[in-house]
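Asks: Take a look at the following structure, please.
Chains as they are written, first to last, in our numbering: chain A, 1 to 81; chain B, 1 to 162; chain C, 1 to 287; chain D, 1 to 760.
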């Protein structure tokens, strides 16, 4: 079970819950499971988020593998200049 | 609007063109003569990207009418290299990474050439003030100033070709 | 729009006088072309002065140095007599824009734009420069401070133009200086400009002074009280402070994108002090 | 892609050496073609009519007189960008459509209202004056804090504050509230020996690229066509222009010109969809070139901000609490980079507790676009000011204070995730050891330090590498080269294939010739296109080995690629003399056809870059004028592929930051009209304003790239605002809280509160 942590104000959309234990093999499954656990998050997740797995930021790749002991953060959509 | 007929020398070649009375020399060079090396960054003489040498003086070609060039001598970036052989300034800019995007480069090279024609050994401060009217947003000017210094040294015969 | 480049002053006057529409003079063009391209002006005729040989020269006359209306700032600053005799005017002229602009811009053009922030004008006013005007009624000479009547407005009548500027000959012990404040080192319009011309006697005492401020009012300001603060002194700290106070008090600037009222008033005094010191030390060398 | 092996063991033959760039000769001779440099037979010139009002309802637009003018060939307005379903589904695309052509309201001074195509630019300009627009001028707001007030003029009726459960259901200018943090900051402040808080403000800065936006669209009768333009992303331009004009994406081919600077400002579209619409309507090629005034009024400057920061530390320097509230206005549409400001604000440190709140606010200003590390510099300015003040207050060297709290490899970042290998400590130690740190200062001089962080990104990337008949290589990448990246691509391909640098030629491909690439942003090109280039080259090498194996009659896996040659993998593979790339290239047709390698990826693992800047400044106490005396940048580049261009990125970013700190800002009058839309009064640094900019590259390899490369383009603009402010504070004994520190502001500050700071 990976520990999925919600960045700041996202947790407000999850009734204050900041951390979820989710068993998912990759980002796509993890986001689906997260949306089911906290339905109010669904529109935000659909708009696009950045996912950090063990410190590496993933803006696009939805099928990046998540290990059972991975540290996962859900961060806002990011762009550079 | 009747057009003005102009005969002038551009990079040593006699050139004739017709232009509107209110058309700038920069527009003539770019739009009528397809010499697009001179760039328009502002159109108000504040950026220097359109610098040419007119009768020996560097000027912003966006602030010169095409009609004014009658009988004068115009030097542009297109005339700076001698065939395949680059001007020392061009070579030192290339070797010294003194350009990034390259849009300001033609204007700076022409302005620097005019500087070295009247001052073979300018100080860093003299180079910086001479080029104050040539904006560069990529480099922070450091490598540009160094490239002018090293080209000047080569032109004075103090160093070998870069 | 028509472009004409007459070769004599008379031909230029005729062209201007006969034009029914809007006519503009092209000297250096560094301001005219900006206004033309922005659509701010829509002339019917442009008269280029740069084919008139007489206006392209700097000549020493019996009563001073005559600078033709087509002489660019760079050329003025290459003229050894001009730089030696009128350093304040020359240093003001060479502050106008970039190297590229200095190869074109003229002090006559700077004067006739009638910008309150023109760099060369306070210096010329301090130097008591005289503008020679050619027009349908012939020639007339007027002090440069009478040319601008307000921002962008001049006293020139239809068909008239400034053909040259005389920098009057100077008494021994006279010199000048110009300083301006800008946020950068180059390329800005003056937030405040100060031109000062002084005469000193053999003891180093100031016997005559003229102080002109730019960018602090609708027109260039001549500050008589500031001049009086210097006259009779050797430019000691008290005199300089009085000069600065007079300049700050005389300034009636506006708040705009380039500076605030409080800032401009204060800087007018600060720069006046600094410019006076330079002018006094130059004047002593001219004794 | 993971790091190949311990880079200390690796010697590079091409990478890391100084090479001339492939586009160099064209750029020093004037041959390079930029956005405005293309012409076409029968070309029309487009001009755009812009709102003179900050906020106005457009009651009607009458184009009949303009259309009647001889030489006018087409006019478009918002009506020419109808409601295509693909636009309406996408909120950001809907905003872009509104931004490129005003609809029911003009939302800022300079907002496009109509566009004309005519046979020459002077006729087009005349036609604009004949278009009659009936405006109802509305109250406006351009200040971020005023826009947040309950009685502020409202820009959009549909906006409700996101990120607030209890947000009232009424229109607002506050588009979003974000919050992040950990621990109990109140407990953290209680634990602190020293607590400092201040309110800061920063002006809106523009990227200030010297090349105005320019494009040439040529759409033929069947609705397909070409677009040439200066952009940071040709694929983005293609997709947006096609969608806004209701075209199939396949119908539009976009060719990127050389780009005269971008810095983030060319990661979106402004004139391109308009040129496509005009060209389609006129049936002729249409060129639009912005003038400088349009660039300032109607492209995408960065956000202006109001930032409150409070931090506390113990006497030993430990930061116990860090708190910030950031308010960013991003112009007329939601999307200011406030979330990135909040995430980056404390990213250099490990405060024990943290809380950051951000507000994204809309105002009557142009829609912001990315600008080099978007959102980070202003936040870093505020935080680094407080960090410096804390250090001075407890009597600790400011570099030591930062070292004490610095983010390290494996530490938890302030925005959540754990850092992999990072180089902040290395940059701080290098600054401390640098001779500049020991130079004695004179009167009215001060020294400032600041550190900065940027995430760096990867993104979608496709690269194709083709072997030519003579053994040289043609490399196609899809990311516009804004600072010399083609040189780095050539170097990486040459390194992999074992051939000389000048045997590789890199081009930036048009949208018809290569797979999709994200825009050049997020400092991603040397990382992502570089990584794809390396993999494409490895794929090509694999094909080369297969061809050699075929010729030699041995299994493909018995051949390896070494030093530009196929060689038998070991003694058992057989005795064959090495086969050069040139020999294999010549035989390509006989051994199976053209030899190529390609690679497509959504690249991640970009690896953040940290920097520390050191600046000495002198202040004229009588005028408030600041002179930068010395400037040092130390930055982690992971592995510098082209060191000279890495230095250039560092120097350029620092000088943009210096400009933002000293003089650059959007100035609005009381009508909400921009007062300084030109280089005369929007004061970017000129050559005579600056000293040489010293640089030192630190290399802490990025574990996410085969060579350890990190992006370097953006981090360099993060520290300068704070570093310069810290130097000025040290020089004058008063702390600048508002940027730019223009002379009137600094003189006022000195008068109001000049006294030696406690420990300075």
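Note that beta-carbon positions come from the ideal geometry of N, C-alpha and C, so glycine has one too.
Say whether chain C places a C-beta atom closer than 8 Å to the C-beta of residue 757(D).
Replies: For residue 757(D), the predicted structure reports a pLDDT of 48, less than 50, and the residue's modelled location is therefore unreliable. A value from the coordinates is still provided. Not one chain C Cβ lies under 8 Å of residue 757(D).
Asks: Leaving out five residues before and five after residue 207(C) in sequence, what residues of the same chain have Cβ atoms less than 7 Å from its Cβ?
Replies: Around residue 207(C): 199, 200, 201 and 231.
Asks: To which residues does DSSP link residue 615(D) through a beta bridge?
Replies: Answer is 448(D) and 631(D), bridged to residue 615(D).
Asks: For the stretch 31-102 of chain C, list the beta strand (DSSP E) runs that are entirely contained and at least 3 residues long, ordered along the chain.
Replies: The qualifying runs are 45-48, 58-61 and 64-68.
Asks: CB residue 394(D) to CB residue 352(D), shorter than 8 Å?
Replies: For residue 394(D) and residue 352(D), no; Cβs fall outside 8 Å.
Asks: Listed in chain order, which residues of the stretch 87-114 of chain B have Cβ atoms closer than 7 Å to some Cβ of chain D?
Replies: Taking 7 Å as the Cβ-Cβ cut-off against chain D, the residues of the stretch 87-114 of chain B that qualify are 90, 93, 94, 95, 97, 99, 100, 101, 102, 103, 104, 105, 106 and 109.
Asks: Measure from the C-beta of residue 693(D) to each C-beta in chain C and report whether the shortest distance is under 8 Å.
Replies: Chain C contact via Cβ: absent.
Asks: Does residue 315(D) pass the burial test, meaning 16 or more other C-beta atoms within 10 Å, or should it be called exposed?
Replies: By the neighbour-count rule (16 or more Cβ atoms within 10 Å), residue 315(D) is not buried but exposed.
Asks: When you compare only the Cα positions, how much space is there between residue 251(D) and residue 220(D)?
Replies: Cα to Cα, residue 251(D) sits roughly 10 Å from residue 220(D).
Asks: Going straight from the alpha carbon of residue 172(C) to that of residue 279(C), what length do you get?
Replies: Distance between the alpha carbons of residue 172(C) and residue 279(C): 13 Å.
Asks: Thinking residue 50(A) and residue 76(A) are a contact (beta carbons under 8 Å), I'd like their distance in whole angstroms, please.
Replies: With a Cβ gap of about 7 Å, residue 50(A) and residue 76(A) count as contacting.
Asks: Can you give the beta carbon distance from residue 55(D) to residue 105(D), rounded, assuming they're within the 8 Å contact cut?
Replies: Contact flag correct, Cβ pair sits at about 7 Å.
Asks: With a CB to CB cut of under 7 Å and the five nearest residues on each side skipped, what residues in its chain are close to residue 21(D)?
Replies: Cβ neighbours of residue 21(D) beyond the five flanking positions: 484, 486 and 487.
Asks: Would residue 48(C) pass as an interface residue toward chain B - the criterion being a Cβ-Cβ separation below 8 Å?
Replies: Judged by the 8 Å Cβ criterion, residue 48(C) is in contact with chain B.
Asks: By the three-class DSSP mapping on this structure, what secondary structure does residue 158(D) have?
Replies: Residue 158(D): coil per DSSP, three-state reduction.
Asks: How many Å lie between residue 255(C) and residue 190(C) at the Cα?
Replies: Going by the C-alpha atoms only, they are around 14 Å apart.
Asks: Should the stretch 490-502 of chain D be called in touch with the stretch 372-388 of chain D, which here means at least 3 C-beta pairs below 8 Å?
Replies: Contact fails: fewer than three Cβ-Cβ distances are below 8 Å.
Asks: Taking any Cβ of chain G, which residues in the stretch 672-703 of chain D have a Cβ under 9 Å from it, in chain order?
Replies: Annotation note: the requested chain G is absent from the structure, which comprises protein chains A, B, C and D.
Asks: Can you list, in chain order, the stretches of the beta strand (DSSP E) that have 3 or more residues and sit fully within the stretch 193-263 of chain C?
Replies: Fully enclosed beta strand (DSSP E) runs of 3 or longer: 206-214.
Asks: Is residue 663(D) helix, strand or coil by DSSP?
Replies: It is coil, neither helix nor strand.
Asks: Tell me which residue opens and which closes the alpha helix (DSSP H) that residue 783(D) is part of.
Replies: Nothing about residue 783(D) can be reported from this structure: the residues present for chain D run from 1 to 760 only.
Asks: Below 8 Å on the Cβ atoms is my contact criterion, and I expect residue 104(C) with residue 30(C) to pass it. Report the Cβ-Cβ distance as a whole number of Å.
Replies: Yes, they are in contact, since the Cβ atoms of residue 104(C) and residue 30(C) sit about 5 Å apart, within 8 Å.
Asks: Which residues of chain A have a Cβ atom closer than 7 Å to the Cβ of residue 179(D), listed in chain order?
Replies: 8 and 9, listed in chain order.
Asks: Between which two residues does the alpha helix (DSSP H) containing residue 144(D) stretch?
Replies: Its alpha helix (DSSP H) spans residues 144-147.
Asks: Rounded to the nearest angstrom, what separates residue 100(B) and residue 239(C) at their Cα positions?
Replies: Answer to the nearest angstrom: the Cα atoms are 53 Å apart.
Asks: With respect to the alpha helix (DSSP H) encompassing residue 9(B), which residues constitute its N-terminal and C-terminal limits?
Replies: No alpha helix (DSSP H) contains residue 9(B), which is instead part of the beta strand (DSSP E) from 4-10.
Asks: Going straight from the alpha carbon of residue 9(C) to that of residue 214(C), what length do you get?
Replies: So the two alpha carbons sit approximately 31 Å from each other.
Asks: Give a yes or no on whether the C-beta atoms belonging to residue 276(D) and residue 328(D) are separated by under 8 Å.
Replies: Their beta carbons are not under 8 Å apart, which means residue 276(D) does not touch residue 328(D) by this criterion.
Asks: For residue 46(B), go through chain D and note every residue whose CB falls closer than 7 Å to its CB, in chain order.
Replies: In chain order: 678, 679 and 680.
Asks: Going by DSSP, what residue range makes up the beta strand (DSSP E) through residue 60(B)?
Replies: Segment 57-60, the beta strand (DSSP E) holding residue 60(B).
Asks: Under 8 Å, Cβ to Cβ, is there at least one residue of chain C near residue 60(B)?
Replies: Yes, its Cβ sits closer than 8 Å to a Cβ of chain C.
Asks: When the Cα of residue 390(D) is compared with those of 449(D), 564(D) and 575(D), which residue comes out closest?
Replies: Per the Cα distances, 449(D).
Asks: Counting beta carbon pairs with one atom in the stretch 684-698 of chain D and one in the stretch 181-190 of chain C, are three or more of them shorter than 8 Å?
Replies: Contact between the stretch 181-190 of chain C and the stretch 684-698 of chain D is present, because at least three Cβ pairs lie under 8 Å.
Asks: Smallest Cα separation from residue 348(D): which of 466(D), 424(D) and 430(D)?
Replies: Residue 424(D) is the option with its Cα nearest to residue 348(D).
Asks: Just to make sure I have the definition right: I need the residues of chain C whose C-beta is within less than 9 Å of the C-beta of residue 68(B). Which are they?
Replies: By Cβ distance, chain C contributes 3, 5, 26, 29, 48 and 50.
Asks: How far does the beta strand (DSSP E) with residue 229(D) in it extend, from its first residue to its last?
Replies: It spans 225-229 - the beta strand (DSSP E) in which residue 229(D) sits, taken as one unbroken run.
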